[in-house]
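Below is one structure, written out as structure tokens; comments come after it.
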DNA sequence: TGACCCCCTAGCCAAATGGCTAGGGGTAGG
DNA sequence: CCTACCCCTAGCCATTTGGCTAGGGGGTCA
């Protein structure tokens, strides 16, 4: 592999003093976006054990992540797409980054694997997808190097999801509308169609209409299944 | 059980520093149990910034966690109760630790907050409960010190859960039987009672019976709500 | 042995749901 | 203007469900 040269760098004692162009090889500059302090510190610690890798910025929100990429133009963005209430915001962010900074590779580090998110993220140019719980310490460094080289890295369990996801959703994974999501949340709370209708100031027919559409989009046929899928996708 | 022998072992192992009162020299000995490497590294890094705190062991399973407590008799056990498929195993572990090593305080660090788990954990002698995503770096050190001093530490959002949890479940939060869980999982997959009955080689009546019991235990009245609660409790 | 819990089954009935067809009205963009 | 998409409504019908009562059999533990 290409580890030989990097090993030389590792032999250097402290790279923090001379980060100009002292080393023959440029450092891999990384931005970490995760709302969780512990994860950020852990990532920094693990990655910086690898000579030639530096975490140049941390972010805890979608905005901050984009700003950090704007400012630092990193080689790799490591991100947990779940940075707020709205998970789909993370997908938009991926789109923007790959669009505006094609040189910045994205490595997603997810807490929970959701088929929809995985497929959609890859569709938007994400080059790596790992599961936080399954990843080993050494796989992180390898993964970063791999995505930097343009390889696609899929962690344990992710590959099969891609296969299933691409197979099942033949058009594209349609995403739920606001109203549909609202109804689904009410269903998850155990409300009947009648109750939901009253709550949302719409007729019972409309509630059924939204649920029918949601059923189709999520490929579910029972409201319990809809709730499960939506829950697994982090939508509730 | 066989606790006597272990107590001897524990007594043998402990007294490297006198820890009656916390002297500036006595380190707070911590065991970290979490399946996630990144979290373990991050925790160690953050905690050891605080002078006087040392992570003496890490564990990635319930067994290993108990072994580590057996061996090191730490002052504080920091644990994510979700170390495997069966979340209730974590609760049993809390019971065992508080039972056998009352001097070891338990600080739960949860990825997702589940009302049932929170209430049950506190009922079993856990003295601290923080949410990974909400906790600030400095709160960790403070939290560890607090639980070590016997204080109860509840993170953001945990307190309200306790209030609601203790209010609603007047007897005790009964936990689901294996069969009930099996049926709920099938419901989450969108199966009808008839299909579930066929799959589990039981009659449709029995499926309904299990669901009725699960409804009562989870305080839900619709299968969609059952699925939601079970999902939120990390049971699926 | 009795108390207790889990698992299993039956039948009844009102209510809710799933699946369908068949519409109208709004807004945004090519 | 046409198209697409979202939101809203109506009715019909078979099926499923929620909620209930009323049992039997087996295991464990005091």
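Residue numbers (our numbering), protein chains in the order written: chain A, 179 to 414; chain B, 179 to 414. The beta-carbon is built from N, C-alpha and C at its ideal position, and this holds for glycine as well. On a predicted model such as this, the values are computed, not experimentally measured, just so you know.
Nonlocal neighbours in the same chain, by C-beta distance under 7 Å from residue i, ignoring five residues either side
i	result
residue 234 of chain A	207, 208, 209, 250, 252
residue 335 of chain B	291, 309, 312
residue 333 of chain A	307, 308, 309, 312, 313
residue 371 of chain A	382, 385, 386
residue 315 of chain B	224
residue 241 of chain B	none
Cut-off 8 Å between Cβ atoms - residues of its own chain near residue i, not counting five sequence neighbours on either side
i	result
residue 283 of chain B	253, 254, 255, 305, 306, 325, 326, 328
residue 205 of chain B	195, 230, 231, 232
residue 269 of chain B	259, 295, 298, 299, 302
residue 366 of chain A	405, 408, 409, 414
Sheet register partners of residue i (DSSP bridge)
i	result
residue 267 of chain B	DSSP lists no partner for residue 267 of chain B.
residue 471 of chain A	It is not possible to answer for residue 471 of chain A, since the shown part of chain A is limited to 179 through 414.
residue 236 of chain B	B/210
residue 306 of chain B	B/285, B/331
residue 255 of chain B	B/209, B/284
residue 231 of chain B	B/206
Neighbour flag for residue i against chain B, beta carbons, 8 Å
i	result
residue 351 of chain A	Because residue 351 of chain A carries a pLDDT of 45, less than 50, the predicted location of this residue cannot be relied on, and the following value inherits that uncertainty. No, no contact with chain B.
residue 495 of chain A	Look at the range of chain A in this structure, 179 to 414, and you will see that residue 495 of chain A is not part of it.
residue 320 of chain A	no
residue 422 of chain A	In the structure as shown, chain A starts at 179 and stops at 414, and residue 422 of chain A therefore has no counterpart that could be examined.
residue 256 of chain A	no
residue 388 of chain A	no
residue 424 of chain A	Past the edges of chain A, shown from 179 to 414, lies residue 424 of chain A, and the structure says nothing about it.
residue 281 of chain A	no
residue 239 of chain A	no
With 16 other Cβ atoms within 10 Å as the buried cut-off, status of residue i
i	result
residue 406 of chain A	buried
residue 323 of chain A	buried
residue 286 of chain B	buried
residue 388 of chain B	buried
residue 394 of chain B	exposed
residue 397 of chain B	exposed
residue 361 of chain B	buried
residue 368 of chain B	buried
Selected residue, minimal CA-CA separation from residue i, among the options
i	options	result
residue 308 of chain B	B/321, B/265, B/383, B/316	B/321
residue 248 of chain A	A/277, A/262, A/225, A/387	A/277
residue 339 of chain B	B/366, B/291, B/391, B/323	B/291
residue 237 of chain B	B/223, B/220, B/214, B/224	B/214
residue 412 of chain B	B/274, B/368, B/354, B/245	B/354
residue 239 of chain A	A/271, A/380, A/391	A/271
residue 211 of chain A	A/361, A/316, A/261, A/227	A/261
residue 391 of chain A	A/377, A/359, A/410, A/378	A/359
residue 318 of chain A	A/216, A/228, A/402	A/228
is_contact[residue i, chain A] using C-beta, thresh 8 Å
i	result
residue 217 of chain B	yes
residue 220 of chain B	yes
residue 328 of chain B	no
residue 299 of chain B	no
residue 323 of chain B	no
residue 400 of chain B	yes
residue 267 of chain B	no
residue 208 of chain B	no
residue 213 of chain B	yes
residue 193 of chain B	At residue 193 of chain B the pLDDT is 39, less than 50, meaning the model places this residue with poor confidence and gives no usable figure here.
residue 403 of chain B	yes
Contact set for residue i: own chain, Cβ-Cβ below 6 Å, skip 5 residues either direction
i	result
residue 221 of chain A	210
residue 265 of chain A	412
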